[in-house]
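Notes to accompany the following structure.
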Amino acid sequence: MKMFDNCINFKLIGIAFLLSLGIKNGYSQKKQPNIVIIISDDHSYQTIGAYGSKLVKTPNIDRIANEGVTFKKAYVTNSICGPSRAVILTGKYSHINGFKDNETSHFDHSQDMFVKHLKADGYQTAWIGKQHLGNRTEGFTYYTILPEQGDYYNPEFIKMDGTKEKTEGYVTNIIEDKAEDWLDQRDQSKPFCLVIGHKATHRTWIPDTADFALYDNVKFPLPPTFYDDYQSRKAAGLQEMEVGRDLIMGYDLKMLSYSPKGESMINRMNPAQRAKFDAHYQPIEADLKARNLSGKALAEWKYERYMRDYASTVASLDRNIGRTLNYLDKHNLNKNTVVIYLSDQGFYMGEHGWFDKRWMYEESFRTPMVMRYPGVVKPKSINENMVLNLDIAPTMLDIAGLAIPKAMQGESFLPLINGKAKKGRDAIFYHYYENGEHAVSPHFGIRTKKYKLIRFYKRVEGWELYDLEKDPRELHNVYDDKTYQALIPKLKTRLDQLIEQYKDTDARKILDQNK
């Protein structure tokens with residue numbers, strides 16, 4: 009009996025020793041799951057099956073939603089590419105992290121970011137693809153990033169030593185190839201956080217050659233607001249992002265003989281790629297010339313081409329997200345890996361007659377976001393809480409079991425999806441700064457569950473108020489409506505509170521100047 013007890017003791021000591029070795033060498037993955045964050049560019053929730061799209065097929069993004077949670081009210085703090093990524097990394101608003109716009113801002117990579125905390129705790133961290141925050145980065149054990157926007161065909165990548173390498177092929181496929189190569193070579197004894205930054209579906213929506221004609225037989229109906237007249241909305245009437253007026257024939261729609269702009273992108277193609285491009289687009293251009301369209305007929309033709317190219321670009325994005333999921337399955341990583349997919353902001357699919365983003369109106373303010381977390385998030389969950397891209401950083405640290413720095417302004421949404429909390433924010437704050445491309449006036453504001461209050465400044469001065477229950481398409485500015493005069497001071501008080509909470513001195517000065 010004594011010998012038997014000694015055997016048990018030796019076994020227990022041995023198990024404890026092995027466990028201690030495992031923890032020291034990074035084997036505590038059950039407590040610290042791997043993290044994969046997939047960020048697309050300008051992908052609208054309107055073109056995702058999980059968000060109700062019937063025409064644009066996204067089976068792999070839908071798979072994440074079906075195996076996890078769909079955030080129905082995910083929003084951004086500043087609807088533009090680079091600033092959105094800066095917010096995701098830092099968990100801080102643009103005025104705090106310093107990257108307010110794509111025109112004049114420079115991102116300080118030395119500042120605190122969630123990946124630096126993961127890295128310090130033993131995570132391998134990697135960013136592969138588009139980052140759009142300069143040509144170098146910090147906080148990652150590995151990176152290879154596109155210069156600025158990058159190119160769809162035969163793109164260059166910036167390596168960690170600062171040199172560039174050109175890779176033959178289509179950018180979405182290449183980014184996934186590089187992500188899988190890194191996963192193959194990583195230290196398997198440690199947890200990892202991989203950010204895959206896709207260029208798709210950014211303007212100019214050039215699909216993979218395999219997808220050129222994918223949606224050519226699909227008829228996309230005009231949105232009900234396509235011919236919006238912008239009554240009572242001065243800023244909306246001054247924009248330069250209308251499908252019919254502002255989409256460029258050569259640059260956006262690939263009708264090269266109409267406009268030479270766009271040749272620089274097409275000239276990157278090798279002869280085989282260019283032959284497929286010409287075989288697809290030249291007959292479309294010939295047909296357009298034969299029709300001699302103008303006015304509304306031309307605007308609607310441009311909308312159809314825009315939607316077909318955009319949807320075809322979505323196809324390669326979704327297909328490569330499927331490759332990521334399949335890789336995790338094949339290498340037995342699926343059960344211990346959090347996967348989150350989101351766009352850097354929403355996008356207009358012809359609503360109000362527009363393409364692009366920037367506005368605090370729903371189509372660009374709201375972003376798609378789905379998340380899979382096996383064993384924690386119930387499959388096919390729907391979350392209706394208002395969450396922000398600001399919350400990604402603290403949530404990732406929360407998932408890894410790390411302390412969330414007090415300086416981070418976001419809130420972990422883990423309690424909202426694991427059943428530990430049911431009540432989220434009552435209001436969210438937004439601030440857009442850029443005053444150049446597309447002529448969108450800078451503005452900030454507040455969204456509650458029922459209302460949206462916006463303050464425009466610089467190009468346009470004034471307030472807008474929307475009753476989101478009565479007017480979900482935001483067509484009627486009711487700021488001057490007598491019915492809402494008692495409500496406005498309450499919304500302004502809540503706006504003041506959020507401005508103070510997030511320390512937005514820019515917004516504070518603008519409001520104080522008009523008192």
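Taken in order, the sequence shown gives residues 9 to 523; the numbers are from the numbering used here.
We put the CB at the ideal spot given by N, CA and C, even for glycine.
All figures in this text were calculated on a predicted structure; none of them were measured in a lab.
* Cβ contact check for the segment 380-394 and the segment 86-99: 3 or more pairs under 8 Å -> In the pairwise beta carbon analysis, the segment 380-394 is classified as not touching the segment 86-99: fewer than three pairs are separated by under 8 Å.
* **Beta-carbon spacing of N393, G432 below 7 Å** => With respect to G432, N393 sits close: the two C-beta atoms are nearer than 7 Å.
* Tell me whether the beta-carbon of F122 lies closer than 7 Å to the beta-carbon of M404. => It is a contact, given that the beta carbons lie within the stated cut-off.
* Following the continuous beta strand (DSSP E) through H439, name the residue where it begins and the one where it ends. => Under the DSSP assignment, H439 falls in the beta strand (DSSP E) whose first and last residues are A435 to Y440.
* To do: With a threshold of 16 other CB atoms inside 10 Å of the CB of S351, please say whether the residue is buried or exposed.
  => Here S351 is buried, its C-beta having at least 16 other C-beta atoms within 10 Å.
* **Status (buried if at least 16 other CB within 10 Å, exposed otherwise) for G245** => Result: exposed.
* According to the Cβ coordinates, are W190 and Y151 closer than 7 Å? -> No, these two residues do not count as a Cβ contact at 7 Å.
* K124 versus N105, S102, L97 and T175, residue with shortest Cα-Cα distance -> Checked all of N105, S102, L97 and T175; the closest Cα to K124 is L97.
* Asked: Given a threshold of 16 other Cβ atoms within 10 Å of its Cβ, counted over all protein chains shown, does S102 qualify as buried or as exposed?
  -> By the C-beta density criterion, S102 is buried, having at least 16 other C-beta atoms within 10 angstroms.
* To do: Please report the residue range of the alpha helix (DSSP H) in which S320 lies.
  => Boundaries of the alpha helix (DSSP H) harbouring S320: G303 to K338, taken from the DSSP string.
* Please confirm whether P356 and E371 have their CB atoms less than 7 Å apart. => Note on identity: in this sequence residue 356 is Tyr, with Pro being the wrong assignment. Yes, Cβ-Cβ distance for Y356 and E371 is below 7 Å.
* Asked: What number of angstroms, rounded off, separates the C-alpha of E184 from the C-alpha of N328?
  -> Their backbone Cα atoms lie some 6 Å apart in a straight line.
* Which of the three DSSP states, helix, strand or coil, is assigned to T391? -> Reading off the sequence shown, one finds Asn at residue 391, where the question assumed Thr. Strand, per DSSP.
* To do: Find the nearest neighbour of A243 within the set S449, K517, P376 and K490, judged by alpha-carbon distance.
  => Of the residues S449, K517, P376 and K490, the one whose Cα lies closest to the Cα of A243 is S449.
* Can you list the alpha helix (DSSP H) stretches of 4 or more residues lying completely in the segment 463-514, in chain order? -> Fully enclosed alpha helix (DSSP H) runs of 4 or longer: 495-509.
* Given 8 Å as the limit, is there contact between the segment 502-513 and the segment 482-489, that is, 3 or more CB pairs closer than that? -> Touching, no.
* Along the chain, where does the beta strand (DSSP E) that runs through T456 open and close? -> Looking at the DSSP string, the run of the beta strand (DSSP E) that includes T456 is H451 to T456.
* Asked: Are the C-beta atoms of A82 and some chain D residue less than 7 Å apart?
  -> No chain D is part of this structure, which consists of one protein chain only.
* Give the range of the alpha helix (DSSP H) segment to which E156 is assigned. => E156 -> no alpha helix (DSSP H), and no H or E assigned at all.
* **Buried versus exposed call for T513 [16 or more other C-beta atoms within 10 Å across all chains shown]** => Exposed.
* To do: Could you spell out the range, first to last residue, of the beta strand (DSSP E) harbouring Q531?
  => The displayed coordinates of the chain run from 9 to 523. Any statement about residue 531 would go beyond what the structure contains.
* Asked: Under the rule that 16 or more other beta-carbon atoms within 10 Å means buried, what is Q40, buried or exposed?
  -> Buried.
* Asked: Since A8 contacts L126 with CB under 8 Å, what's their CB separation in whole angstroms?
  -> The first residue shown for the chain is 9 and the last is 523, placing residue 8 beyond what the model contains.
* To do: Would you identify the three-state DSSP class for G90, choosing helix, strand or coil?
  => Note: G90 maps to helix in three-state DSSP.
* Cβ-Cβ distance between Y289 and K262 below 7 Å -> Yes, the Cβ-Cβ distance between Y289 and K262 is below 7 Å.
* Starting from Q186, follow the alpha helix (DSSP H) in both directions and report where the run begins and ends. => Contrary to the premise, residue 186 reads as Lys rather than Gln in this sequence. Its alpha helix (DSSP H) spans residues V179 to Q193.
* To do: Answer with buried or exposed for I166, where buried requires no fewer than 16 other C-beta atoms within 10 angstroms of its C-beta.
  => With 16 or more other Cβ atoms within 10 Å, it is buried.
* Inspect the beta-carbon positions of L336 and T345 and report whether they are closer than 7 Å. => Contact flag set, yes.
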